[in-house]
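As given, the protein sequences belong to chains A and B, one line each in that order.
According to the numbering used here, the first sequence is numbered sequentially starting from 479.
According to the numbering used here, the second sequence is numbered sequentially starting from 80.
The C-beta atom is built at its ideal place from N, Cα and C for all residues, glycine as well.
What follows is one structure encoded as structure tokens, with my remarks underneath.
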Amino acid sequence: MDLHAANLFKTYTLHRKRVEVLRGVSLEVPSGACVAVVGKSGSGKSTLLHLLGGLDRPDKANPGQADLGPAQVRAGETDVTRLRGSALDRYRAQSVGFVFQLYHLLPELSVLQNVAIAAMVRHGLAFGAQRGAQMAKAAALLTSFGMGHRLEHRPAELSGGERQRVALARALINRPLLLFADEPTGNLDPSTGGQILDLLDAYRRETGATMVIVTHSIEVASRADRVVRLVDGRIVVDQTVQAVG
Amino acid sequence: MRIGACLHTSTYALAHVYQALLTRIYLTSKVMPLLAAVAVTLCTAMVLVVWSVMGGFLTMLLSTGRSMVGDVSITWPTTGFAHYERLIELLEQDKAMVLAATPVIETLAMASLPDDRVEAVTVRGIDPATYSKVVDFDQSLWWRPVTEALPRDKSRADVRLDPNYATDLDQVLTDGRRLAEPDRNVGPGALVPAAIPGIELLGLSTRSPEGFYSVDRGRVKLTATGDVRNVGVFAPATRITLRVVPFDSQGREVSLVPGVFPIANEFRTGVYEVDRRTVMVPLARLQQMLKMDQATIVDTQSAENDAFSPDAPKPGVRIAPARVTTVLVRAPNGISPETLREYCEGVYASFAAEFAGQVPSGDLMARNRGRIVRTWEDQNATLVGAVRKETGLVLMLLWLISLVASFLILAIFWAMISEKTKDIGTLRAIGASGRGIAGIWLAYGLVIGIIGSALGLALASVIVLNINPIHEWLGSALGLYVWDPRVYYFATIPNKIELHRALTVGLCGVGFSLLGAIIPALRAAAMKPVAALRFE
Numbered sequence: 479m480d481l482h483a484a485n486l487f488k489t490y491t492l493h494r495k496r497v498e499v500l501r502g503v504s505l506e507v508p509s510g511a512c513v514a515v516v517g518k519s520g521s522g523k524s525t526l527l528h529l530l531g532g533l534d535r536p537d538k539a540n541p542g543q544a545d546l547g548p549a550q551v552r553a554g555e556t557d558v559t560r561l562r563g564s565a566l567d568r569y570r571a572q573s574v575g576f577v578f579q580l581y582h583l584l585p586e587l588s589v590l591q592n593v594a595i596a597a598m599v600r601h602g603l604a605f606g607a608q609r610g611a612q613m614a615k616a617a618a619l620l621t622s623f624g625m626g627h628r629l630e631h632r633p634a635e636l637s638g639g640e641r642q643r644v645a646l647a648r649a650l651i652n653r654p655l656l657l658f659a660d661e662p663t664g665n666l667d668p669s670t671g672g673q674i675l676d677l678l679d680a681y682r683r684e685t686g687a688t689m690v691i692v693t694h695s696i697e698v699a700s701r702a703d704r705v706v707r708l709v710d711g712r713i714v715v716d717q718t719v720q721a722v723g
Numbered sequence: 080m081r082i083g084a085c086l087h088t089s090t091y092a093l094a095h096v097y098q099a100l101l102t103r104i105y106l107t108s109k110v111m112p113l114l115a116a117v118a119v120t121l122c123t124a125m126v127l128v129v130w131s132v133m134g135g136f137l138t139m140l141l142s143t144g145r146s147m148v149g150d151v152s153i154t155w156p157t158t159g160f161a162h163y164e165r166l167i168e169l170l171e172q173d174k175a176m177v178l179a180a181t182p183v184i185e186t187l188a189m190a191s192l193p194d195d196r197v198e199a200v201t202v203r204g205i206d207p208a209t210y211s212k213v214v215d216f217d218q219s220l221w222w223r224p225v226t227e228a229l230p231r232d233k234s235r236a237d238v239r240l241d242p243n244y245a246t247d248l249d250q251v252l253t254d255g256r257r258l259a260e261p262d263r264n265v266g267p268g269a270l271v272p273a274a275i276p277g278i279e280l281l282g283l284s285t286r287s288p289e290g291f292y293s294v295d296r297g298r299v300k301l302t303a304t305g306d307v308r309n310v311g312v313f314a315p316a317t318r319i320t321l322r323v324v325p326f327d328s329q330g331r332e333v334s335l336v337p338g339v340f341p342i343a344n345e346f347r348t349g350v351y352e353v354d355r356r357t358v359m360v361p362l363a364r365l366q367q368m369l370k371m372d373q374a375t376i377v378d379t380q381s382a383e384n385d386a387f388s389p390d391a392p393k394p395g396v397r398i399a400p401a402r403v404t405t406v407l408v409r410a411p412n413g414i415s416p417e418t419l420r421e422y423c424e425g426v427y428a429s430f431a432a433e434f435a436g437q438v439p440s441g442d443l444m445a446r447n448r449g450r451i452v453r454t455w456e457d458q459n460a461t462l463v464g465a466v467r468k469e470t471g472l473v474l475m476l477l478w479l480i481s482l483v484a485s486f487l488i489l490a491i492f493w494a495m496i497s498e499k500t501k502d503i504g505t506l507r508a509i510g511a512s513g514r515g516i517a518g519i520w521l522a523y524g525l526v527i528g529i530i531g532s533a534l535g536l537a538l539a540s541v542i543v544l545n546i547n548p549i550h551e552w553l554g555s556a557l558g559l560y561v562w563d564p565r566v567y568y569f570a571t572i573p574n575k576i577e578l579h580r581a582l583t584v585g586l587c588g589v590g591f592s593l594l595g596a597i598i599p600a601l602r603a604a605a606m607k608p609v610a611a612l613r614f615e
């Protein structure tokens, strides 16, 4: 699924002060490609990810940039910026997978439940065999990620790498064609981080999913097809990894 | 295609499995919601206990009235009214409306009791045969042989169960039913009119916590043949002296008339004030005492009158018919007291027209509507109204207090949602809708309400069904007697739970829980996913 973003502006008001986070970002990611977004803290990387994934909305228009045209995020044939309410929820549930730096696992749920809940959210009402199938699918995925022995554990009982594998399984259980990872290895040692990246690569190869990864890590960025550098809410570099060197 | 999309959207709007999962997990992994459930339990139990007792009191008051005075009474107090046999005949013509009617005199008297106390009492003159058809007179006679112990009399300590006293009790029951005792001075077959006081009046019997009455051992009974026997049960040889004040038909006081009555039995209605202050005697005897029996009136102003002639009445001499103060009427099942009252008012109007000038006129009755022809509720309108208002007021206050449980749930949920903000952001990120998030907390509130209300109903049932033993225990252990029968009429606290009350309270408990959950749920639903994910 290709991803198209155009004229994305985002301004927050913090302590009565306007903070312009994104200042007219446009981005094209072909279907199956992997783009690494790099930049300093506060440069707007995560905000861009949230807009692409439908977690947040771009500002409608920037008075100073009216000639640029309307803000738009399009995923395949879907104009995400025009989605509202349950349609936007459905977009996130069916087409998008998120991986966060801090895992964001639900602490009261077991590992298995943390993964299965994404399938439950996507499929809504499920009874008997269908529900059992969801749990079996989650268990199989976790087992393939080397977490088969931890299914009934709570997140607090896991290491950082294990938690991120669970978070990754949750993001992938619905087999999304768009995957957004916000510093997925930021809290992990290089070896463990490498394992997570291997899993992401494997998934992309298998499904042809489009991937956008926010990272500070050169090693992570080097695995992408392209690198986009954000400075003060603007894209200043958009090159292939080879070109970046 | 469009229908399919709609169905899909609808499925999204309905309760999802993840909501059930999270509701269950939050419920079993947190202590705070259990505290909320406890609050709902206590509020529900509190309201149901109070409503059951106060509402039960009202129900008992109204239902006991029927067992004591029938459905409607037609009363002309003090002087009474004549030709009551004809009124009863007219009333009983429509069997669909009137099951039976009975004449009664009710008056005040001073009673000299066996222990030398003198008490003001209500004396009721009755005709046992017809009175039994209107009120539950026979059932109210306490001293009788019984084979089944009272529910709480596990040790079968009630003397009425003792087969050794069966013969004596049979005799006492027979005497009670006819309001007369064998007259040992006259001989076999002769009877003397007797009285039946309420069981709390004489002070010879003590009510046990189990509900039966025990009497001092060694009391004597004078048998029909004049023998003196020691008995362990009620002692009918005791006598009571009643002093009544008769009035003539114009309401003028005549003189104070005493009457001595052996005591045939005792009655128990369950209404403490009635059992404490009422004595029943034969109607004919009370009519004599009150000068309300049939009498020959001699007109001493008439020259043609020969007042001392034993012959039949001459001009100037007339018969004053017997009078009663009250006619009690009972309707068949299915006829409401109010319907019967209207019927009785119509019949009385015909009766008054038939005996114009001799009985209180129909107009007089009409002007005193609600005072003469009355249901039991009319007779106790002040008390019933006060109890109704008091019950309503107390319930309103309790419901207001129950709102505290709502606010407690609101506060607990608010705190939990603050704690779970990141989780809410995560759920939104994986596709949960705002409505879905709200549904989690509403379902949570619903479950807490259901659990709390169910436990509250169970707790209230245990308390209400055992309220009398609990009350007695509080009295014996702590000296705390809340239910004073002199104040609350009944010797026992109402201990029944009405299904409609339990359902109402249970549903309100669930409703209050949901009410408390609504605002936090809306707050959770309104959270922006990104802001929630970034919440610190």
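Give me the DSSP bridge partner(s) of Asp716 (chain A). A:Val706
Checklist entry - Do the CB positions of Pro658 (chain B) and Met368 (chain B) come within less than 8 Å of each other? => result Since the first residue of chain B shown is 80 and the last is 615, residue 658 (chain B) is not available in this structure.
_Simplified DSSP state of Asp215 (chain B), which is helix, strand or coil_ = The three-state secondary structure of Asp215 (chain B), taken from DSSP, is coil.
**Q.** Test: Arg570 (chain A) CB closer than 8 Å to a CB of chain B
**A.** yes
Below-8 Å beta-carbon distance, Ser512 (chain B) vs any chain A residue:
yes
Which residues share a DSSP beta bridge with His482 (chain A)? A:Glu506 and A:Arg552
Of the residues A:Leu486, A:Leu655 and A:Ala514, which one's Cα is nearest the Cα of Glu555 (chain A)?
-> A:Leu655
Could you work out which residues of chain B lie near Leu655 (chain A), taking near to mean beta carbons separated by less than 7 Å?
Residues of chain B passing the Cβ test: none, with the nearest at roughly 14 Å.
Taking the continuous alpha helix (DSSP H) assigned at Phe430 (chain B), which residues delimit it?
-> Pro416 to Glu433
Helix, strand or coil for Ala386 (chain B)? Go by DSSP, reduced to three states.
At Ala386 (chain B), the pLDDT of 47 sits below 50, so the modelled position is not reliable and the matter cannot be decided from this model.
Determine which residues share a DSSP beta bridge with Arg643 (chain A) and list them.
Note: Arg643 (chain A) sits in no beta bridge, so no partner.
- Item | Proximal residues, the segment 591 to 602 of chain A versus chain B, C-beta separation under 7 Å | Gln591, Ile595, Ala596, Met598, Val599, Arg600 and Gly602
(message) For Leu521 (chain B) and Val353 (chain B), what's the separation of their Cα atoms in angstroms?
(response) Those two C-alpha atoms are separated by around 53 Å.
- [ ] Just the chain A side, please: which residues come within less than 7 Å of Pro288 (chain B) by C-beta, in chain order?
- [x] Here the premise fails: no neighbours, minimum Cβ distance about 51 Å.
For Arg467 (chain B), which residues from the same chain have a beta carbon less than 6 Å from its beta carbon, with the 5 sequence-adjacent residues on both sides left out? none
ask   = Does any CB atom of chain B fall closer than 8 Å to the CB of Leu587 (chain A)?
value = yes
Let me check understanding here. Comparing Cα to Cα, which of A:Gly639, A:Ala617 and A:Leu590 lies closest to Ile674 (chain A)? Among A:Gly639, A:Ala617 and A:Leu590, the Cα nearest to that of Ile674 (chain A) belongs to A:Gly639.
### Message
Rounding to the nearest angstrom, what Cα-Cα distance links Arg409 (chain B) and Leu121 (chain B) in this structure?
### Response
43 Å
| Where do the N-terminal and C-terminal ends of the beta strand (DSSP E) with Glu185 (chain B) fall, by residue? | Ala179 to Ser191
Does the Cβ-Cβ distance between Asn665 (chain A) and Leu527 (chain A) come in under 8 Å? no
_For Thr357 (chain B), report the span of its beta strand (DSSP E) as first-last._
Thr357 to Pro361
Q.
Short of 8 Å Cβ to Cβ, which residues in the segment 576 to 603 of chain B face chain A?
A. none
Q. Using a Cβ-Cβ distance under 8 Å, would Met505 (chain B) count as near chain A?
A. Going by the sequence as given, residue 505 (chain B) is Thr instead of Met. Answer yes: the Cβ-Cβ gap between Thr505 (chain B) and chain A drops below 8 Å somewhere.
Q: Taking a Cβ distance cut-off of 7 Å, strictly less, list which residues of the segment 518 to 536 of chain A are near chain D, in chain order.
A: No chain D is part of this structure, whose protein chains are labelled A and B.
query: Curious, which full-length alpha helix (DSSP H) runs of at least 4 residues does the segment 679 to 705 of chain A contain?
result: Restricting attention to alpha helix (DSSP H) runs no shorter than 4 residues, the segment 679 to 705 of chain A encloses them at 696 to 700, ordered along the chain.
Alpha carbons only, please: which of B:Leu419, B:Gly441 and B:Glu417 is nearest the one belonging to Ala428 (chain B)? B:Gly441
### Query
Tell me which same chain residues have a C-beta within less than 6 Å of the C-beta of Ile503 (chain B), skipping the five on either side of it?
Excluding sequence neighbours, Ile503 (chain B) sits near Ile516, Ala603, Met606 and Ala611.
Check the Cβ-Cβ distances between Ser108 (chain B) and every residue of chain A, and say whether any is below 8 Å.
By this cut-off, Ser108 (chain B) is an interface position.
Who are Thr491 (chain A)'s beta bridge partners in DSSP?
A:Arg496
Check your understanding: Of all the CB atoms in chain B, is at least one closer than 8 Å to the CB of Arg648 (chain A)?
Key -> yes
### CB contact flag (Pro416 (chain B), Asp150 (chain B), <8 Å)
yes
Worksheet entry | chain A contacts from the segment 520 to 547 of chain B (Cβ-Cβ distance under 9 Å) | none
- Can you tell me whether Gln172 (chain B) is buried or exposed, with buried defined as 16 or more other CB within 10 angstroms of its CB? exposed
In the DSSP assignment, the alpha helix (DSSP H) including Pro662 (chain A) goes from what residue to what residue? Neither: Pro662 (chain A) is in no alpha helix (DSSP H) and is coded neither H nor E.
Notebook entry, point to check: Are Ala647 (chain A) and Arg600 (chain A) closer than 8 Å when you measure CB to CB?
Noted result: no
Quick one: what's got a C-beta closer than 6 Å to Pro662 (chain A)'s C-beta in the same chain, skipping five residues either side? Val577 and Ile674
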